[in-house]
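*Asks:* Structure provided below as structure tokens; questions to follow.
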Amino acid sequence: MAQFAAIKGFVFDLDGVITDTSIFHSQAWHQVADKVGVKWDDDLADALKGISRMDSLNLILARDHKEDAFSDAEKAALATEKNDNYLKLVNQMTPANILPGIQVFLDDLKAQGYLLSLASASKNSPLVLKHLGLGDYFTKSVDPASLKHGKPDPEIFRRGAEILDLDPAQCIGVEDAAAGVQSINGAGETSIGIGDPKVLAAADINFTDTTQLTLANIEKAMTDATLA
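So the sequence shown is numbered by the working numbering: it starts at 1296 and just counts up by one.
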């Protein structure tokens, strides 16, 4: 883990960190699972967190060994249908959907001169940020369409540091999913996991919810780890 004084930038995931659209994703994927005859449950919903649209669809189909039951064109149509259902829900979002403490944290980061970028697998992140009123905070955003590998591969978080012109060691990555934490660690950044510490045991720092995400708490955690 880096020294706190070395940190110059923060690379954020979107879902579960800045806002919670996971329920919208789950509702939309649930509709797809019902359509293809795959049983939906909490384990499947959790497995889809933080991964790309097509990877999510393939996971759903693999649940009942249906990976080869649909052509590429049919899979693309299912993914598009999911996205259309999801967008109907996203378009109802407002700044009230920003998770607790995040607006204050982002304001503090900007005031203290930290650089910010977004590392979300969602192609809809610009639309979500617009509805939340946070577009001006994340003028630097990784284009998921430009990536060769999805999380847990480190590519997206490595790119999140690159677009800030920072070394990964100068960045903190913030995630709520185990695959995302693995991606941050692989990129060589300090990882913060938001959520269940058992699920996110690989994170350098763990906070159970977004209200704990403050510079003071991060500095204390990094200092304590250095002294340990």
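The beta-carbon is built from N, C-alpha and C at its ideal position, and this holds for glycine as well.
1) Exposed or buried, what is His1444 when buried is set at 16 or more other beta-carbons lying within 10 Å of its beta-carbon?
2) Check each candidate in Gly1396, Met1388, Asp1402 and Asp1403 and name the one with the smallest Cα separation from Asn1419.
3) With respect to the alpha helix (DSSP H) encompassing Val1536, which residues constitute its N-terminal and C-terminal limits?
4) Which same chain residues end up closer than 7 Å to Gly1483 when comparing Cβ atoms and leaving out the 5 residues on each side of it in sequence?
5) Tell me the DSSP bridge mates of Phe1307?
6) Going by DSSP, name the residue or residues bridged to Phe1502.
7) Using the DSSP secondary-structure output, state which residues sit across from Ser1317 in a beta bridge.
8) Indicate the three-state DSSP secondary structure (helix, strand or coil) for Ser1441 in the structure shown.
9) Would you list the one or two residues that DSSP bridges to Ile1513?
10) With distances taken Cα to Cα, identify the nearest neighbour of Val1331 among Thr1505, Val1312 and Asp1359.
11) Ile1393 bridges to which residues according to DSSP?
*Replies:* According to the structure shown:
1) exposed
2) Met1388
3) Examination of residue 1536 is not possible in this model, given that the chain is present from 1296 through 1523 alone.
4) Pro1463 and Ala1464
5) Leu1413 and Val1469
6) Ile1489
7) Note: Ser1317 sits in no beta bridge, so no partner.
8) helix
9) Paired residue(s): none; Ile1513 is not in a bridge.
10) Asp1359
11) Thr1314
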